[in-house]
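Enquirer: Dumping the structure here so I can ask a few things about it.
8 protein chains.
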Amino acid sequence: GHTRIDHHRALRTGLPEVIYAQGKSSAQTAEIFARMAAAGTDVLATRASEEIAEAVLAAVPAAVYHPQARAVTLKQSADKAREGHVAVVCAGTSDLTAAEEAAVTAELFHAQVTRLYDVGVAGLHRLLAVREQLADADVVIVCAGMEGALPSVVGGLVGVPVIAVPTSVGYGASFDGAAALLGMLNSCSPNVVVVNIDNGFGAAYTATMIARMAHRKRE
Amino acid sequence: GHTRIDHHRALRTGLPEVIYAQGKSSAQTAEIFARMAAAGTDVLATRASEEIAEAVLAAVPAAVYHPQARAVTLKQSADKAREGHVAVVCAGTSDLTAAEEAAVTAELFHAQVTRLYDVGVAGLHRLLAVREQLADADVVIVCAGMEGALPSVVGGLVGVPVIAVPTSVGYGASFDGAAALLGMLNSCSPNVVVVNIDNGFGAAYTATMIARMAHRKRE
Amino acid sequence: GHTRIDHHRALRTGLPEVIYAQGKSSAQTAEIFARMAAAGTDVLATRASEEIAEAVLAAVPAAVYHPQARAVTLKQSADKAREGHVAVVCAGTSDLTAAEEAAVTAELFHAQVTRLYDVGVAGLHRLLAVREQLADADVVIVCAGMEGALPSVVGGLVGVPVIAVPTSVGYGASFDGAAALLGMLNSCSPNVVVVNIDNGFGAAYTATMIARMAHRKRE
Amino acid sequence: GHTRIDHHRALRTGLPEVIYAQGKSSAQTAEIFARMAAAGTDVLATRASEEIAEAVLAAVPAAVYHPQARAVTLKQSADKAREGHVAVVCAGTSDLTAAEEAAVTAELFHAQVTRLYDVGVAGLHRLLAVREQLADADVVIVCAGMEGALPSVVGGLVGVPVIAVPTSVGYGASFDGAAALLGMLNSCSPNVVVVNIDNGFGAAYTATMIARMAHRKRE
Amino acid sequence: GHTRIDHHRALRTGLPEVIYAQGKSSAQTAEIFARMAAAGTDVLATRASEEIAEAVLAAVPAAVYHPQARAVTLKQSADKAREGHVAVVCAGTSDLTAAEEAAVTAELFHAQVTRLYDVGVAGLHRLLAVREQLADADVVIVCAGMEGALPSVVGGLVGVPVIAVPTSVGYGASFDGAAALLGMLNSCSPNVVVVNIDNGFGAAYTATMIARMAHRKRE
Amino acid sequence: GHTRIDHHRALRTGLPEVIYAQGKSSAQTAEIFARMAAAGTDVLATRASEEIAEAVLAAVPAAVYHPQARAVTLKQSADKAREGHVAVVCAGTSDLTAAEEAAVTAELFHAQVTRLYDVGVAGLHRLLAVREQLADADVVIVCAGMEGALPSVVGGLVGVPVIAVPTSVGYGASFDGAAALLGMLNSCSPNVVVVNIDNGFGAAYTATMIARMAHRKRE
Amino acid sequence: GHTRIDHHRALRTGLPEVIYAQGKSSAQTAEIFARMAAAGTDVLATRASEEIAEAVLAAVPAAVYHPQARAVTLKQSADKAREGHVAVVCAGTSDLTAAEEAAVTAELFHAQVTRLYDVGVAGLHRLLAVREQLADADVVIVCAGMEGALPSVVGGLVGVPVIAVPTSVGYGASFDGAAALLGMLNSCSPNVVVVNIDNGFGAAYTATMIARMAHRKRE
Amino acid sequence: GHTRIDHHRALRTGLPEVIYAQGKSSAQTAEIFARMAAAGTDVLATRASEEIAEAVLAAVPAAVYHPQARAVTLKQSADKAREGHVAVVCAGTSDLTAAEEAAVTAELFHAQVTRLYDVGVAGLHRLLAVREQLADADVVIVCAGMEGALPSVVGGLVGVPVIAVPTSVGYGASFDGAAALLGMLNSCSPNVVVVNIDNGFGAAYTATMIARMAHRKRE
Ligand SMILES: Nc1ncnc2c1ncn2[C@@H]1O[C@H](COP(=O)(O)O)[C@@H](O)[C@H]1O
Ligand SMILES: Nc1ncnc2c1ncn2[C@@H]1O[C@H](COP(=O)(O)O)[C@@H](O)[C@H]1O
Ligand SMILES: Nc1ncnc2c1ncn2[C@@H]1O[C@H](COP(=O)(O)O)[C@@H](O)[C@H]1O
Ligand SMILES: Nc1ncnc2c1ncn2[C@@H]1O[C@H](COP(=O)(O)O)[C@@H](O)[C@H]1O
Ligand SMILES: [Mg+2]
Ligand SMILES: [Mg+2]
Ligand SMILES: [Mg+2]
Ligand SMILES: [Mg+2]
Ligand SMILES: [Mg+2]
Ligand SMILES: [Mg+2]
Ligand SMILES: [Mg+2]
Ligand SMILES: [Mg+2]
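As you go down the protein sequences, you meet chains A, B, C, D, E, F, G and H in turn.
Okay, so the first sequence: first residue is 1 according to the working numbering, each after it adds one.
Okay, so the second sequence: first residue is 220 according to the working numbering, each after it adds one.
Okay, so the third sequence: first residue is 439 according to the working numbering, each after it adds one.
Okay, so the fourth sequence: first residue is 658 according to the working numbering, each after it adds one.
Okay, so the fifth sequence: first residue is 877 according to the working numbering, each after it adds one.
Okay, so the sixth sequence: first residue is 1096 according to the working numbering, each after it adds one.
Okay, so the seventh sequence: first residue is 1315 according to the working numbering, each after it adds one.
Okay, so the eighth sequence: first residue is 1534 according to the working numbering, each after it adds one.
Right, dumping it as structure tokens:
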């Protein structure tokens, strides 16, 4: 009664609906996950606590929990070549939650993912050292908390879209990620677009769409 | 002395540097515009008042002023086929400034542009009536003020990235576009990414990068 | 000593006073509930934790706890025909707390209630599928978190007042419901009025007043 | 090209579309007004400056400008009995703009309107003196700036819905009406619902819908 | 080492220094309390948790804990006639913490205190019923959360200063008392002054100074 | 029609109603001023522009305009001894508008006023130099913009109530006086109470009430 | 009467008092400037409009107006060798007002100043190109608007203090410099300290103190 | 994989990289700490909970935990004379966490540290009593919560830079330190620069750089 799964989203948008587990009970999440699994598609639940993950895995044993990403995935589609290339960059070790949410999402949706972590702007040589790996990507996801300066710097180095993910890493005047969010919205690099604080999932969803276009063009 | 034009940005990123005219004097803007024009590339100045535009056109007579978009352009590149397809959607007549800034930018950067204006969510049939035109686009830019609900609805209808531009249209609790910005950042459609309030330019810059990938794939 | 129950509110306003349990101790809430029960009217306590509910039910065994709605009700008035028709709509499964608070309140106050849940704007066909049920209502309550776009869309589809309830569902830039609140206040549908974040109770209280007028007119 | 008038809104919602003149040019507003006038319905343009009003009256000489309300109206429907009764209350002389926008709107839409002005809570006897007139209304619109306390007090006196309009009257920590808005959203009177700052129009639109129901019941 | 008690504050200001226990450890608070007790004056510690209170009472057995007020007091001064009259008014049962902090403070500082609780503006007759008791006070402290309207109404009824204490009672758009605070700062009653959210202590400290002046005049 | 003067406020509260001229037209203000003048009391209009002042003086030639205070006064009461002593302190030359509004108001209401200007905390010796004059006052009004630190320092030096007036003096992160307002609300001197930004009038109104009590006691 | 110049500040702090011209009249500013000039020290007035500057120059013909910096200076001290070295860096041409205010202030106070302008992070090679000039400075002032990322990057490149000046350059979600301010406060480079938005003056005042120490050490 | 230690920061900036422990697991922190210890430098981890500290000390037994400062340090450099003099001042006992974080950091980095605690502005004589000790410092760190007034007062007394650390001490309208932060940014003492809320570490890092310059000059 309480849930209407949007089964035909895949038809409209090319990617399946995804479960937002936060604010749902373990039982509710497991039930929705199982119904979507029964439909035969790949399934993703985001922002899943360990307790929710356990309930899902009890209901759908083939599912996998990614604790750093707080995500549960179920891979049911056939293996195929990676469609496009997404780089996931983050500023510091504390941004791993958002970065891994992005990486796990993009991998489930068939993108090739390169992780470039702990390359914050206070030690610029670390970013310059991975410049060639950046140049390979069709789209770059950049996760950063505190002042959120990294997307602007990356945006100036690459010729592809940069999707900026502000993270809630920081304290005091970071206001739980609001400082990073504002910084990214005001980026002076014009190829920077922004998603919600800690929304690695949304960044990867859109990045996958873009990478796929880039990939298909190469064929 | 005061300005260092980033001439090799086009090499790094595939698109030229662009002049942000607001907060510059007419003389400063005209001088920078002329120097970039002399370099032989296409030139774009955004957020240009009528007064600034006059100074630019006096210095570079081949430039064109687009008053609704507050933009000055100079086309110097050879004509070529449009590279990819960008739809520019807006919610109401009052959002035209941002929408036209986006459209003029995308056209200068060789994208094909379809304008779909005044299709706000309070009269949904207007949006549903242009659904086929939407389906054609490689990427959709959606400009909306007030509650900023339109990108979520568009995002659910299409299978391509949606770049949301909150506009400063509204009054009171719109807080000069902050309400629309927050709404778009919290979109439940996961293919929605966001740029700054009234930043039609940045939306179009990124959209052009995406559309170009999509276009090349079709060839 | 500490509490002055407003017993003659029912005379002034047609509906009884209601207990706001949050910030009261279990003992205080149970005592007030019992005094109102003794007065012979219907009684409602909102925002009641499980612990408070237990104390109330110990004092007034005929009371009923609605855990999803966090409400305790006591029905003492005679059964009569439903007076008017309230539709309660919500965007996602996570908005159920506010929606159920509204539904339970409206039912206690003699309205007929239709629940239309999980019809968020990212999958518009779900809302269009319940359009006829919406058309039947005298007033519509719409609960939504995140971007809070649903009331604007519903407002454009119906010819009756829409009472929008922003919910605290979301994270990051949802700012605990502030984003949804601002969106709803700026709705471009002019038949949308707004109550506090998560205030399903207030929405239902006012909706009941409106529905009753509509009902009586039909007789 | 730039405007799609929602002509069938009246069919869907019972009341015609309304022109939001702010942010439109005089020419645009006059053109839209004239097209709607040609359709034979009543027409309303809100937030119209004197300059816009002149352009509209030049195009449609039968239109009327209400300067205190900043509204232009055109009455084309046949005269009929007033449908329901709306009281418009305001706290101080400075709140007249919002109050008159509400009153003019409600009158155009066939409601009977009673104006009760300058009855702020700092001199309570003024409000108590008009208590009987309040008791007659089917719905009450209350406009107040500064601390926005008036709707709570009115809400406790009447048994009908109160639509609260925060106004931008005040200075300093009124933050252009935000203080009044927040106060009204937190009203401890549960029959208070809220619209945007200075949105007398939206309050009257919804009030008219409610009053019409009440009116028809009386017949 | 870490604390310099301001022992000569009483000389400068007529009232002793007071311990702000929040953010201090139990040991620190007890030590400071004991040192001040040893100086022979009355002692007050505010915002003391139960745990802190226990440590203080262990060190100074003559001290008294007031749990609803979260205050620990030690009375060492000689009994004397009450100096002036402070009324403490609150809007609802949930505001008791701030109200009792005020009442306990004023009593320790020799004022006569009248408690007038649960007289919120949604049921105005309750306030009007205690009007005579209000008229007796030399100064009135008004504690209210949610919309914070009560001080404006009280301010219009009395001819003495009103000290408004916004409380953190409420949810959603009350923003932990910010809505009430803003309302009170914008009061249209010009005899209303304001202190920090939940600062019953500061209100009573100043009220006591005022009441003492009024009292001495009567002699 | 539009204005109900609260003539019996003086009976209730001991001080007459005051006209808030901002947001009123010159004609409206002059008319209200004249009606109150005709009643024979002292009259005060605050926040009056030069244009409004001219209209008032045309209607009531005995009125006086105080441009630095933006106030118009009319003295009609008999001369009598000053009732109590108010010190008005300000931090810098730019705070004079608020300080003079306070001083003019207090003088009209029969208080003795001592002005102590430009004694900001960055040069503490200036404040210490006027310490004796401070010690004489029954109540102190302190106006300060920027960081708003002065009331805390003054509060620690005197044994009477301090009414803090945050001013809109400053730029950037002063946010039009919000920084000073917040600082004053968090004062660690417990005898500091606060009014709205730039509200010298309200501070003086309350200060006059307090000073009068202090004065009468001395007799 | 209205102004107490802090003449002995130079004794206490080593640098003279400075006039904050904003919010003062031309006459007031000129009078204070002349009195300080008469005392024989160097004089600086900041945030001076052209109109104010004219009044000052009329009173003190030896003074100089710096329009880009909005500053008036009077040099009366003997020439001496520059004491320490301050680099002033800015992100874009639009940040010149703050940067020049800093440069003019530091030069008046005897520092050697190197200007490094338009080196924003979106084109990193421009900053890397001036790295050697940066390495020479004893302290670096960095002015940047929009996302305010530049101080973090500079902070990671140098081994001296960086004083960050957020500027009000930008639009929309820059919120008049608040975004840049928050970014700088959250800098992950630990040698970054921050001053108010557009406060080039304060940055230079402190930088001069630091540079002087560094300079003297070299001797 | 997840962490790239910036080992050559000491070369670039003269001070080693520091571990930000918050948001890292105990295992991650201990591992990074051990790797840095192995490099032979001094090591500092800030914002370390007791649990994290235990893990670090288990891995590196020579490390020391400072619970009040929430810091873990490892001293490996040779002892040498203190380089420069830093005073650490705080307003109240509750500000000790930030003050001790600053003091421990400065001591590890070879500065001489003088602690001057509990000298808030409400009892000014306490600050004036330590004036001579203040005069000795090369740079002053001032930690204060609530209204954050102390840095302005200190700034007016000394001729060296003041680094202001707003603390999260307070409640209600302190908004977790935002009030103190805003106050400090608007300081009317021009030698005040600011760091993030509770960022004693950053203040000490920069202070050490400054003190070292001052120290070397004295040699
Ligand atoms: N982490 C996330 N952040 C934002 N949106 C999400 C997230 N995970 C899932 N969603 C979206 O939330 C919607 C599902 O919401 P619900 O019906 O409440 O489960 C889907 O449309 C998803 O695209
Ligand atoms: N003063 C107003 N405040 C809010 N909404 C309004 C106002 N006036 C008209 N509207 C709404 O704005 C929409 C028209 O917007 P537009 O297409 O930009 O003219 C209509 O749906 C009206 O209901
Ligand atoms: N509840 C309270 N709210 C605000 N200030 C307080 C409170 N309790 C004590 N104070 C003040 O805090 C100061 C003591 O702070 P501390 O030195 O940290 O103990 C004293 O000057 C008191 O006046
Ligand atoms: N400068 C002021 N700031 C705040 N309130 C004021 C001011 N001047 C007058 N008032 C109050 O505003 C009320 C008059 O408002 P109105 O009816 O709009 O003229 C009176 O109760 C005055 O006490
Ligand atoms: Mg790192
Ligand atoms: Mg339209
Ligand atoms: Mg769903
Ligand atoms: Mg009035
Ligand atoms: Mg109650
Ligand atoms: Mg001064
Ligand atoms: Mg540039
Ligand atoms: Mg203390």
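Where is the CB? At the ideal position from N, CA and C, for every residue including glycine.
Remember, predicted model here, so these are calculated numbers, not experimental data.
Enumerated in chain order, which unbroken segments of the beta strand (DSSP E) with a length of 3 residues or greater are wholly contained in the region 460-504 of chain C?
Expert: 481-484 and 502-504, all fully within the region 460-504 of chain C.
Enquirer: Keeping to the same chain, check which residues put their C-beta closer than 6 Å to that of I141 (chain A); ignore five residues upstream and five downstream.
Expert: Counting only Cβ-Cβ distances below 6 Å, and skipping sequence neighbours, we find V88, A102, I163, A203 and A207.
Enquirer: Within the present structure, is the beta-carbon of C1019 (chain E) separated from the nearest heavy atom of ligand 3 by less than 8 Å?
Expert: Because no heavy atom of ligand 3 lies under 8 Å away, the Cβ of C1019 (chain E) does not count as near it: no.
Enquirer: Quick check: what's the CA-CA separation for A1412 (chain G) versus V850 (chain D)?
Expert: Looking at the two C-alpha atoms, the distance is approximately 46 Å.
Enquirer: Can we count Y896 (chain E) as close to ligand 3, meaning its CB is less than 8 Å from some heavy atom?
Expert: Indeed, a heavy atom of ligand 3 lies less than 8 Å from the Cβ.
Enquirer: Is there at least one Cβ from chain H nearer than 9 Å to L1527 (chain G)'s Cβ?
Expert: Here residue 1527 (chain G) is Met; the residue named in the question, Leu, does not match the sequence. Yes, M1527 (chain G) lies at the interface with chain H (some Cβ there is under 9 Å from its Cβ).
Enquirer: Ligand 3 and D1651 (chain H): does any heavy atom of the ligand fall closer than 8 Å to the residue's C-beta?
Expert: D1651 (chain H) Cβ: within cutoff of ligand 3.
Enquirer: How far does the beta strand (DSSP E) with T73 (chain A) in it reach, from first residue to last?
Expert: Segment A71 to L74, the beta strand (DSSP E) holding T73 (chain A).
Enquirer: With 9 Å as the threshold, decide whether the Cβ of D1520 (chain G) is near any Cβ in chain H.
Expert: Here residue 1520 (chain G) is Thr; the residue named in the question, Asp, does not match the sequence. At least one chain H Cβ lies under 9 Å of T1520 (chain G).
Enquirer: May I have a chain-ordered list of the beta strand (DSSP E) segments no shorter than 3 residues that lie completely inside the region 1460-1523 of chain G?
Expert: Here the runs fully enclosed are 1476-1480 and 1506-1508.
Enquirer: Less than 9 Å separating the beta-carbons of L1641 (chain H) and D1731 (chain H)?
Expert: No.
Enquirer: So with CB distances below 9 Å, who are the chain A contacts of P370 (chain B)?
Expert: Near P370 (chain B) there are no residues of chain A at all, since even the closest Cβ is about 12 Å away, more than 9 Å.
Enquirer: Determine, using beta carbons only, whether G1250 (chain F) comes closer than 9 Å to chain D.
Expert: False, the Cβ-Cβ gap to chain D never drops below 9 Å.
Enquirer: State the DSSP-derived secondary structure class of A1458 (chain G), mapped to helix, strand or coil.
Expert: Strand.
Enquirer: Can you find a heavy atom of ligand 3 that lies under 8 Å from the Cβ of Y1081 (chain E)?
Expert: Yes.
Enquirer: Tell me, please, whether the CB atom of T441 (chain C) is closer than 9 Å to any CB atom in chain A?
Expert: No - not a single Cβ of chain A is within 9 Å of the one on T441 (chain C).
Enquirer: Keeping to the same chain, check which residues put their C-beta closer than 7 Å to that of M1279 (chain F); ignore five residues upstream and five downstream.
Expert: Excluding sequence neighbours, M1279 (chain F) sits near G1243, P1246, A1259, P1261, V1287 and V1289.
Enquirer: Taking DSSP as the reference, what is the three-state secondary structure of V776 (chain D)?
Expert: Residue state, collapsed to three classes: coil.
Enquirer: Does the structure place the region 1114-1125 of chain F close enough to the region 1147-1156 of chain F that three or more beta carbon pairs sit under 8 Å?
Expert: Yes: at least three Cβ pairs fall under 8 Å.
Enquirer: Run the proximity test for F1077 (chain E): is its beta-carbon closer than 8 Å to any non-hydrogen atom belonging to ligand 3?
Expert: Checking every heavy atom of ligand 3 against the Cβ of F1077 (chain E), one is found closer than 8 Å.
Enquirer: Once DSSP output is grouped into helix, strand and coil, what is the label at Q1645 (chain H)?
Expert: In the structure shown, Q1645 (chain H) sits in a strand (DSSP, three-state: E or B).
Enquirer: Since R1220 (chain F) is in the alpha helix (DSSP H), which residue starts that stretch and which ends it?
Expert: Before going further, note that residue 1220 (chain F) is His rather than Arg in the sequence given. Residues L1219 to A1224.
Enquirer: According to DSSP, is V237 (chain B) part of a helix, a strand, or is it coil?
Expert: Coil at V237 (chain B), not helix or strand.
Enquirer: Quick check: the region 607-627 of chain C against the region 553-563 of chain C, are at least 3 beta-carbon pairs closer than 8 Å?
Expert: No, the region 553-563 of chain C is not in contact with the region 607-627 of chain C.
Enquirer: So what's A1401 (chain G) in DSSP terms, helix, strand or just coil?
Expert: Strand, per DSSP.
Enquirer: Look at G827 (chain D) and A726 (chain D) and say whether their C-beta atoms are less than 9 Å apart.
Expert: Going by C-beta atoms, G827 (chain D) is not nearer than 9 Å to A726 (chain D).
Enquirer: For a contact meaning CB atoms closer than 8 Å, what does A1706 (chain H) contact in chain F?
Expert: Near A1706 (chain H) (Cβ distances below 8 Å), the residues of chain F are L1277, L1280 and N1281.
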